[in-house]
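Oh and the sequence shown: position 22 is 783 in the working numbering, straight run, nothing missing.
Using N, Cα and C, we set each Cβ at its ideal position, and we do this for glycine too.
Keep in mind that this is a model prediction, so the values were computed, not measured.
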Amino acid sequence: MKIETKLLLFATALATTLTLSLPAHAQDAAGIYKSKCAMCHGADGKKAAGHDLSGAAVQKESDADLTAVITDGKPPRMPKYGDKLKPEEIKGLVTYIRSLKQ
Ligand code: HEC
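Next up, the structure:
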């Protein structure tokens with residue numbers, strides 16, 4: 762086997778290992794955020810004016826507060842997800858929102 766082929770195989774194996782070792786919920790949360798939240802909040806969380814998910818005002822809210830907003834919504838504009846997502850998916854989203862912090 763050529764050295765280039767060996768290196769390529771090694772890199773592929775490494776990339777696969779890294780992807781698989783990410784916690785499943787972290788990947789799910791990013792996917793859920795992208796498909797259900799990003800159209801209003803933006804990929805970086807900054808799109809909804811006054812409700813910048815990456816900003817200090819939202820980041821200083823407790824996990825329980827963020828969980829409550831996502832679960833129950835804030836009528837009329839923030840939809841509720843308590844009946845659409847599992848509690849662990851909502852928990853994953855709260856962790857994801859923390860990762861948007863600047
Ligand atoms: C249809 C647009 C829309 C969608 C979809 C949406 N949001 Fe929101 N969200 C809003 C609006 C508007 C607000 C501000 C509500 C208010 O305070 O009146 C908000 C508020 C929030 C807040 C509280 C921010 C604050 O200022 O305290 C969080 C957290 C949040 N959304 C998370 C999410 C997550 C996570 C999702 C996806 C599961 C999501 N949102 C989907 C429009 C949306």
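Residue i versus residue j - alpha carbon distance
i, j, result
"G806", "G816", "9 Å"
"G843", "A774", "39 Å"
"A818", "M800", "21 Å"
"K795", "L861", "13 Å"
"I793", "A776", "23 Å"
"I918", "T828", "Lying before the first or after the last residue shown, residue 918 is absent from the chain, which here runs from 762 to 863."
"T832", "L770", "44 Å"
"R838", "D824", "21 Å"
"K847", "K841", "12 Å"
Neighbour-count burial assignment, residue i, 16 or more Cβ in a 10 Å radius
i, result
"A772", "exposed"
"D813", "buried"
"G811", "exposed"
"I851", "buried"
Of the residues the options, the one placed nearest residue i, counting alpha carbons only
i, options, result
"V855", "P837, A790 and M800", "A790"
"K797", "K845, I764 and E849", "K845"
"K821", "Q863, E765 and K835", "Q863"
Residue i, enclosing alpha helix (DSSP H) - first and last residue
i, result
"D833", "D824 to D833"
Residue i CB to nearest heavy atom of the ligand SAH below 7 Å
i, result
"A772", "The ligand SAH is absent from the structure shown, which contains only the ligand HEC."
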